[in-house]
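Undergrad:
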Ligand code: COA
Ligand code: AMP
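Residue numbers (our numbering): 9 to 643.
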């Protein structure tokens, strides 16, 4: 049998995880070595590097200054929206982070305290994250496309004392003022944060409330640099909220030690990037990809990271990504398939690519949603580098399945994100909990313990953590993705098993959207389903049933609920279609048949469920869909 280097490493990671991850941990600087590599019996989930002490910011920044990379670029800020390009060396980044850590400390933030960061894609956001890590505080970044209510829920859940924000973000050519959104959020919170630190961008000057709000620059001017504080490997580094099945988001908690070890390891092994090279994740710091691969991964590795403020198209054109790769000598890039679809729509022949020198570009990684083989083939043909789909989740923090370029040659199977990555003992389980044979679709689950950097609880919600992820299949972590593993060991991710839909690589809960719709006084009940969209993968569509004697007309209520979602959840929900229907299709037991509605919308074959009450309802739903232009057949 021919030697398969990937398989050899994969086996090693499962046969002797302690040896495998202890050897990876040697690439991290520890203030105190760990006593136990992994404690699989810890509750509610395994803990890594127990007893060890380190500082994540030290490993991401100071260590490189001390180790000969002081003058190397750590971060390149490239704003396609303002035209500004600014490079921070590791020394400059260290100095800024140490000063801002001093600012936080002066505002009473210490080890274990929570800080909300609600910022656009500017260097100050990264500085704020690293400054929290420096003093052992726990950051929670909230994506700028979320509205005040979502921000308020997060502030309250993690009981943040300090919020860091900026005066505005820029969406292509539209200024989004952040401070009024923050002020409205604070008005809604029960646990009023004591201080807000506001970075004033030149386009907008935010009003500051005396005694509560402070100007970033003024605070930095009088701050004393703060040194790194050693924390336990098992102490939390950050909380990142993600969609759950209700309006209450789940606070994914990541530790310091396991996170640093796993992310540093992935930079070489998964992405095949060397220290000193330029790596670019075109995501947002509000998402897990931004945490792992704009901020922590590349910096822990001593690489140069690119912070891109812009879009794949429209800032100014569909050549923006290729311009950034060429201008900054990017070796490897990470984006979502939806971004490639947007580029392809505008530049199908890849004409704009020809204008750029991509000779240093070696690989493109994709995640966030399944990459359709057509988009994959287009990207391969245009870019002539390996295009790697890899599968992961906010919960895992890094790839569960990937073609690991640093371990072996690329092995791309279109439609599959590759084989399970080292450390991930992945299986497809049937409803009875038994492991399914290759090719059979089941619940994709990882045998416990999960490798380092995976979540170990939900903030303030340990029971919910156990119930959501560990209860249905004892001994396994349930990913909530359905799929199968084929004969050759390649994973195929098919669909979510919960009510989460994937809109432009962003995760949205239809349950949370429905909660907003039912808050309208005229709405008796509703259903939100994810329908296929050529650009964004899926889009949410709402069906509402009005109360008897509703005050608004059908059209009024439909446009009201669209507006409600924009203010309650935010523009990121891309919720633009709602329609009033007389009733919703349900089973006799009252379960709304969302899946069948989606099949009708997508023009997929569907069968009338045997348990349905009244078959005529489906005709009404088809009519309602056609008023909104569904099914939308491919052009
Ligand atoms: N602050 C405020 N508003 C924001 C925002 C932010 N940070 N990010 C997005 N929005 C708004 C947009 O302006 C848009 O508003 P609109 O309804 O008024 O047009 C809405 O939220 C939806 O945004 P988006 O999904 O980005 O749609 P788009 O039509 O502007 O762009 C794509 C489409 C495909 C170009 C875009 O979705 C994209 O770049 N996707 C890549 C996603 C990605 O990288 N995901 C990370 C996972 S790896
Ligand atoms: P998020 O937590 O926002 O990163 O979303 C995670 C979810 O996105 C996963 O559970 C999948 O449903 C989906 N996803 C992410 N990457 C992929 C991929 N490469 N292939 C298929 N689905 C993916």
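Beta carbons: idealized from backbone N, C-alpha and C, even for Gly.
Would you call the stretch 474-486 and the stretch 524-536 touching, i.e. three or more CB-CB distances under 8 Å?
TA: No: the two stretches stay apart, fewer than three of their Cβ pairs being nearer than 8 Å.
Undergrad: Which residues does DSSP list as the beta-bridge partners of residue 628?
TA: Beta-bridge pairing links residue 628 to no other residue.
Undergrad: Taking its Cβ as the centre, do 16 or more other Cβ atoms sit within 10 Å of residue 217, making it buried, or is it exposed?
TA: exposed
Undergrad: Within a Cβ cutoff of 7 Å, which residues of the same chain sit near residue 8, ignoring the five residues on either side of it in sequence?
TA: For residue 8 there is no data in the structure shown, the boundaries of the chain being 9 and 643.
Undergrad: Taking only three categories from DSSP, how would you classify residue 607?
TA: helix
Undergrad: Kindly identify the DSSP beta-bridge partner or partners of residue 177.
TA: 184
Undergrad: When we look at the beta-carbon of residue 625 and count the other beta-carbons within 10 Å, is it buried (16 or more) or exposed?
TA: buried
Undergrad: Following the continuous alpha helix (DSSP H) through residue 162, name the residue where it begins and the one where it ends.
TA: 156-166
Undergrad: Per DSSP, residue 95 forms a beta bridge with which residues?
TA: 84
Undergrad: Whose C-alpha, out of 482, 399, 416 and 235, is nearest the C-alpha of residue 440?
TA: 482
Undergrad: Drop a sphere of 10 angstroms on the beta-carbon of residue 556, count the other beta-carbons inside from all chains shown, and report buried for 16 or more, exposed for fewer.
TA: exposed
Undergrad: Does residue 336 come out as helix, strand or coil in the three-state DSSP assignment?
TA: Three-state result, residue 336: helix.
Undergrad: Looking only at C-alpha atoms, which of 507, 490, 506 and 505 sits nearest to residue 499?
TA: 490
Undergrad: Suppose you measure from the CA of residue 22 to the CA of residue 31; what does that come to, to the nearest Å?
TA: Per the coordinates, the alpha-carbon of residue 22 lies some 14 Å from the alpha-carbon of residue 31.
Undergrad: Could you check if residue 350 belongs to the surroundings of ligand 1, using beta carbon to heavy atom distance under 8 Å?
TA: yes
Undergrad: Within 8 Å: the Cβ of residue 401 and any heavy atom of ligand 2?
TA: yes
Undergrad: Does DSSP put residue 541 in a helix, a strand or coil?
TA: strand
Undergrad: In three-state terms, what does DSSP make of residue 274?
TA: helix
Undergrad: Mapping DSSP to helix, strand and coil, what is residue 502?
TA: strand
Undergrad: Report yes or no: do the stretch 333-343 and the stretch 182-199 share at least 3 C-beta pairs separated by less than 8 Å?
TA: no
Undergrad: Can you find the residues in the same chain that come closer than 7 Å, C-beta to C-beta, to residue 44, ignoring five residues on each side of it along the sequence?
TA: 58 and 59
Undergrad: Use the C-beta contact count for residue 149: other C-beta atoms within 10 angstroms, 16 or more gives buried, fewer gives exposed.
TA: It counts as buried.
Undergrad: Whose C-alpha, out of 584, 466, 617 and 427, is nearest the C-alpha of residue 637?
TA: 584
Undergrad: Return helix, strand or coil for residue 262, following the three-state DSSP convention.
TA: strand
Undergrad: So what does residue 203 bridge to, in DSSP terms?
TA: 170
Undergrad: Measuring from the CB of residue 514, is there a heavy atom of ligand 1 at a distance below 8 Å?
TA: Set against 8 Å, the gap from the CB of residue 514 to the closest heavy atom of ligand 1 is smaller.
Undergrad: Three or more C-beta pairs closer than 8 Å, one from the stretch 149-163 and one from the stretch 288-304: is that the case here?
TA: yes
Undergrad: Check for me: the alpha helix (DSSP H) holding residue 224 runs from which residue to which?
TA: 224-229
Undergrad: So what does DSSP say about residue 196, is it helix, strand or coil?
TA: helix
Undergrad: How about residue 629 and residue 605: are their beta carbons less than 9 Å apart?
TA: yes
Undergrad: What are the boundary residues of the beta strand (DSSP E) that includes residue 455?
TA: 450-455
Undergrad: State yes or no: is the C-beta of residue 3 within less than 9 Å of the C-beta of residue 117?
TA: Because residue 3 is not part of the residues shown, which for the chain are 9 to 643, the question remains open.
Undergrad: What residues in its chain sit with their C-beta under 7 Å from that of residue 20, if we drop five residues either side in the sequence?
TA: For residue 20, where only same-chain residues beyond five positions count, the Cβ hits under 7 Å are 28.
Undergrad: Is the beta carbon of residue 297 within less than 8 Å of some heavy atom of ligand 1?
TA: yes
Undergrad: Which residue or residues does DSSP assign as beta-bridge partners of residue 341?
TA: 288 and 372
Undergrad: Excluding the 5 residues flanking residue 24 on each side, which residues of the same chain have their C-beta closer than 7 Å to its C-beta?
TA: Closer than 7 Å at Cβ, skipping near neighbours: no residue.
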